[in-house]
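In our numbering, the protein residues as written are 726 to 1111.
Backbone N, C-alpha and C fix where the C-beta goes; we use that ideal spot for every residue, glycine too.
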């Protein structure tokens, strides 16, 4: 109770902590900078190899609670800070992300897999899993659905407590229900957008079901409303981040040792996490934001600027890196060697190369898009005059 009173004393009556937030930019950037390493290691390491050492670190720790939960929490914060504040603008952004998801899946699955099949004739590798891969869920689709859902909540003027209550009930319901099998390929794929699905084939991609994961951006949205009114971020993080981080880090060694929840066997233990895993991940998110805030205070402007650009380009980097990862590992390496498994040192070098290329392409894509928009704005008066 005392802590809540002290936090309330740090809040202004109106937004005072506006503009880009270095801690949030760093949180998003560190996640996306790790993605090529996470995904290349998963693709290029055997199932047995992922159970220990550096592969386990990237797959289950960095690529687990330190990755998507932080990004989605930060995405909720970003809704508060966005210049596109109306419900209509938010809906448009959500539907654009859903469209980008299907375009991304076409580029990273449909096109390379059809090329791979044309070259190799390997039906099992390229054709049998194609529908699951092409239409299966991932974090980009979830982000679009979540933004649309929060926009709907806002349209009906739901209170923050009501939003959090609905999201919590959704997570609790998925915890109690467990994985669902409709005994239909497309039923499992599309129901998997909403609730965790699984079947005997093991091919269903239901990675970020809306009902399980909505609580992260909703809680981030509420956190952002606090953040934007803070008069003293340093004191706030000292009060909330330290205990939150301690709780999360105390759970980690126990959960890892006993294989609890998201640390259990199989990827769905993470993607279809239980409500207690969600609570731990939220503690970790709040704790790590305090860490990133502390680090931002001693970073030079150039490094903060780098993290800011990575954060701004996060969707582009995500899509670009996935096209390279899937094409190189699932198609080129597989056809060339009959396997995509690589020694760890080669996997790390490949990851670094994909990261650098993705950063460069995303950077110049942003520049080209800005030039195109500037020319379009310049031509608008001429178009209207004609």
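Asked	Found
Please determine, among 874, 872, 837, 1088, the residue with the shortest C-alpha to C-alpha distance to residue 1033.	1088
DSSP beta-bridge partners for residue 922?	905
Going by alpha carbons, who is nearest to residue 995 out of 762, 745, 790, 741?	790
Note down, one range per segment and in chain order, each alpha helix (DSSP H) of at least 4 residues found wholly within the segment 867 to 914.	885 to 902
Identify whether residue 939 lies in helix, strand or coil by the three-state DSSP scheme.	coil
According to DSSP, what are the bridge partners of residue 736?	955
Who are the near neighbours of residue 737 in its chain, counting only those whose CB is closer than 7 Å to its CB and skipping five residues on each side?	954, 956
Pick out whichever of 757, 751, 750 has its Cα sitting closest to the Cα of residue 1081.	757
Pairing CB atoms from the segment 869 to 885 with CB atoms from the segment 810 to 824, are three or more of them under 8 Å?	yes
I need the boundaries of the alpha helix (DSSP H) containing residue 794, first residue and last residue.	793 to 806
Between residue 922 and residue 907, which are expected to be in contact by the criterion C-beta below 8 Å, what is the C-beta distance as a whole number of angstroms?	7 Å
If we ignore side chains and look at the alpha-carbon of each, how far apart do residue 932 and residue 832 end up?	19 Å
To the nearest angstrom, report how far apart residue 732 and residue 964 are at their CA atoms.	8 Å
Count the other CB atoms within 10 Å of the CB of residue 1098; is the residue buried (16 or more) or exposed (fewer)?	exposed
Please classify residue 985: does DSSP put it in a helix, a strand, or coil?	coil
Out of curiosity, what's the CA-to-CA distance linking residue 970 and residue 961?	14 Å
For residue 1051, which three-state DSSP category applies?	helix
Three or more beta-carbon pairs under 8 Å between the segment 980 to 987 and the segment 944 to 954, yes or no?	no
How many whole angstroms separate the CB atoms of residue 768 and residue 1065, which I take to be in contact at a CB cut-off of 8 Å?	6 Å
Can you tell me which of the three DSSP states residue 1068 falls into?	coil
Just to confirm before moving on: does the CB-CB distance between residue 765 and residue 1014 stay below 8 Å?	no
With DSSP collapsed to three states, give me the class of residue 818.	helix
Contact check, residue 1029 vs residue 966 under 8 Å by CB: the rounded distance?	That belief does not hold up - the Cβ atoms of residue 1029 and residue 966 are roughly 19 Å apart, past 8 Å.
Cα separation between residue 840 and residue 1046?	19 Å
Assign residue 1051 to buried or exposed, taking buried as 16 or more other Cβ atoms, counted over all protein chains shown, within 10 Å of its Cβ.	buried
Could you work out which residue in 781, 752, 743 is closest to residue 1020 when comparing CA atoms only?	752
Suppose the cutoff is 7 Å on Cβ atoms and the five residues either side in sequence are ignored; what does the same chain contact list for residue 748 look like?	1014, 1017, 1018, 1021
For residue 997, which of 835, 939, 1008 has the nearest alpha-carbon?	939
Please state the DSSP three-state secondary structure of residue 851.	helix
CB residue 826 to CB residue 865, shorter than 8 Å?	yes
Just checking my contact of residue 760 with residue 1043 at CB under 8 Å: how many whole Å lie between their CB atoms?	7 Å
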